[in-house]
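Single-structure report; data block below.
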Amino acid sequence: MLVLALETSTDPCGMALVDEGGVVSSVRFRHHMNLSSTWAPLLQRMLAEAGRTPAHIAGVATSLGPGSFTGVRIGVVAAKTLAQTLQIKLLGIGSLELLALPFRAVAGLSVLCVLPCRRGEAYVGAYRCTGNALRGLVGGAVMPLESLAGLMASLPEPMVVAGAASHRPEDADAPRAADQWHHAPSAEVLGMEARRRMLAGESVEPAALLPIYLKRSQAEERLGTLGRPKAER
99 MLVLALETST
109 DPCGMALVDE
119 GGVVSSVRFR
129 HHMNLSSTWA
139 PLLQRMLAEA
149 GRTPAHIAGV
159 ATSLGPGSFT
169 GVRIGVVAAK
179 TLAQTLQIKL
189 LGIGSLELLA
199 LPFRAVAGLS
209 VLCVLPCRRG
219 EAYVGAYRCT
229 GNALRGLVGG
239 AVMPLESLAG
249 LMASLPEPMV
259 VAGAASHRPE
269 DADAPRAADQ
279 WHHAPSAEVL
289 GMEARRRMLA
299 GESVEPAALL
309 PIYLKRSQAE
319 ERLGTLGRPK
329 AER
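Per my numbering, residue 99 is the first one in the sequence shown, and the count goes up by one each step.
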């Protein structure tokens, strides 16, 4: 089963093709605010280099956010379009969960996941690894950067932090500060996990696949400051 993974919640973005042998092909790229016209030619090139065609793709997965509003929206729309056009399985996984998945096998480990938001804020989630799954400790939230050290100190040890290194708290010697940083969600991890879930029978209808934003976009907030009623937004 060949699965296409689209990770567009961050910049650089990533795409991967995954089958029973692992990662067939993958690419990370900066979209330079032009993602909508970038991903399709890259996919065509990946398929050609792997000796495959769109007809070989049996499933498509996308990161759901939080992250870049535009990136998440384009990734979700692209995945839905491919699923409908090719009549294949569809799945989405949250970007914070993607950061924690590589640690899942380390039973008892806490993983604090951090992604950039606006200046002075971060998207944050925390998980506990059970050896074969993740248990949520802190649901996805927007948090001021100065609050991260306190959250780190509240989580059970041992602990690592996964996410944007630029958001590491100033107090790097905090009692539960992380020794290991994984900087961004991975298309390869997304593809491998989505393929595993699809083989177990999991998939969603395109209409049911919804992005995870957690925060209004800057455009929506600007409209709000102009006094637009909520019903008009």
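All residues carry an ideal CB built from backbone N, CA and C; glycine is no exception.
A quick note: this is a predicted structure, and the numbers were derived from the prediction, not measured.
- Shortest Cα-Cα distance from residue 200 to any of 214, 307, 287 and 160 involves 287.
- Looking at the DSSP output, residue 161 sits in a beta bridge with 191.
- With a threshold of 16 other beta carbon atoms within 10 Å, residue 308 falls short and is exposed.
- Here residue 252 is exposed, its C-beta having fewer than 16 other C-beta atoms within 10 Å.
- If you ignore the 5 residues before and after residue 129, its C-beta comes within less than 7 Å of the C-beta of 109, 111 and 136, all in its own chain and listed in chain order.
- Within the stretch 176-259, the complete beta strand (DSSP E) runs of at least 3 residues fall at 187-191, 208-214, 219-227 and 232-242.
- In this structure residue 238 is in contact with residue 310, their Cβ atoms being roughly 6 Å apart against a cut-off of 8 Å.
- For the pair residue 173 and residue 183, the CB atoms are not nearer than the 8 Å cut-off.
- The DSSP-derived three-state label of residue 119 is coil.
- When only Cα atoms are considered, residue 207 and residue 226 end up about 6 Å apart.
- The continuous beta strand (DSSP E) containing residue 103 extends over residues 100-105.
- Excluding sequence positions up to five before and after residue 196, its CB lies within less than 7 Å of the CB of 161, 283, 284, 287 and 288, all in the same chain and listed in chain order.
- For residue 204 and residue 242, the gap between their C-alpha atoms comes out near 29 Å.
- For residue 147, the CB contacts under 8 Å within the same chain, skipping 5 residues up- and downstream, are 123 in chain order.
- In this structure, 176 is the residue among 143, 176 and 170 with its C-alpha nearest to the C-alpha of residue 158.
- The continuous alpha helix (DSSP H) containing residue 289 extends over residues 285-297.
- Pairing residue 181 with residue 304 gives a Cβ-Cβ distance under 8 Å.
- Considering only 245, 216, 126 and 178, the residue with the shortest C-alpha distance to residue 165 is 216.
- Residue state for residue 124 is assigned as strand, using DSSP reduced to three classes.
- Comparing alpha carbon positions, the residue from 145, 228, 281 and 168 closest to residue 132 is 168.
- Counting other Cβ atoms within 10 Å of its Cβ, residue 214 reaches 16 or more and is therefore classed as buried.
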